[in-house]
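Chemist: Before anything else, here's the structure in question.
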Amino acid sequence: MEPPILYDTSKHEHLIASMVKCHADCITFEPFMIANFIPPLNNELMTEWWRRRCNETKNDDVLSGTRYIILQLARNSTTGEEEVAGIVMLASAFNENGNFRGMVEKLLVSPEHRKKGNAGAMMRKLEEVARQHGKLLLVGIVPRMEIQPRNNKLADTIFFYKDMRPEDWAP
Numbered sequence: 001m002e003p004p005i006l007y008d009t010s011k012h013e014h015l016i017a018s019m020v021k022c023h024a025d026c027i028t029f030e031p032f033m034i035a036n037f038i039p040p041l042n043n044e045l046m047t048e049w050w051r052r053r054c055n056e057t058k059n060d061d062v063l064s065g066t067r068y069i070i071l072q073l074a075r076n077s078t079t080g081e082e083e084v085a086g087i088v089m090l091a092s093a094f095n096e097n098g099n100f101r102g103m104v105e106k107l108l109v110s111p112e113h114r115k116k117g118n119a120g121a122m123m124r125k126l127e128e129v130a131r132q133h134g135k136l137l138l139v140g141i142v143p144r145m146e147i148q149p150r151n152n153k154l155a156d157t158i159f160f161y162k163d164m165r166p167e168d169w170a171p
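1 is the number of the first residue of the sequence shown in full-length UniProt numbering; add one for each residue after it.
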C-alpha cells in the first residue's frame, strides 16, 4: 500500500470523479453510511460538492479557514485502474480562541478497500498534517445531526476526538 497523499488542486483535480465514486459507494453499499447525500444520488451535485471542498484547499484568506484533504489511492481489483480508495479531511475555521482546533471530516473508505489499513494510514497522515499546522485538538460528535437514508430517523454523527497537546501546552 502506498502512503496517503495530501490533495493538491494543481496535481490531483483529475481525481474528483473518483472521490465522488468513493463517497457514493460508501452511501450505497453496506454498511450504509450517512454522508451528506441521500439515495438516489445526484452525481452532478456530489461532483460540485467535492469541487467546492477541493477549492477550499487553496484558500489563502485566513479569515475563511482552510481545508486539507488526504487521499488513499489504490488499484481497482476489477479494472486495474488507480482510484481513490479513501478520503479524510481536516478542516479549520477561523477562530481566534480555538486556533489549535481541527475538525476531522468525512473519513470514507470505499467498500472494496476496507479492512486493509487504509483508514488508519489516512488518520496518521491527517494527524501529521494537523501537527504541522498547529491543530493539536481534533474534535467532534454531534447528536441527532443527520437523517438516516434507510429509515428517515435522526442519527448521531461521529466525528473524531484526539488531544495531541502535551500536558504542559499553553497557547
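The beta-carbon is built from N, C-alpha and C at its ideal position, and this holds for glycine as well.
(1) Thinking C-beta only, is H113 closer than 8 Å to G80?
(2) Near V20, what residues of its chain come up, given a Cβ to Cβ distance below 8 Å and the 5 sequence neighbours on each side ignored?
(3) Along the alpha helix (DSSP H) that carries T28, what are the first and last residues, could you check?
(4) List the DSSP bridge partners of Q72.
(5) Could you name the residues that DSSP lists as bridge partners for A119?
(6) Which residue's Cα is closest to the Cα of R67: M164, T28, D8 and P171?
(7) So, with DSSP's three-state summary, where would you put E128?
(8) Quick check on the burial criterion: 16 or more other C-beta atoms within 10 angstroms. Buried or exposed for P4?
(9) How should N55 be labelled, buried or exposed, when 16 other C-beta atoms within 10 angstroms of its C-beta is the threshold for buried?
(10) By the 10 Å Cβ neighbour count, where 16 or more other Cβ atoms means buried, how is L154 classified, buried or exposed?
Modeler: Straight from the coordinates:
(1) With respect to the 8 Å criterion, G80 and H113 are not classified as neighbours on the basis of their beta carbons.
(2) N43, M46, T47 and W50
(3) I16 to T28
(4) G86
(5) For A119, which the question treats as bridged, DSSP gives no partner whatsoever.
(6) D8
(7) helix
(8) buried
(9) exposed
(10) It is exposed - the Cβ of L154 has fewer than 16 other Cβ atoms within 10 Å.
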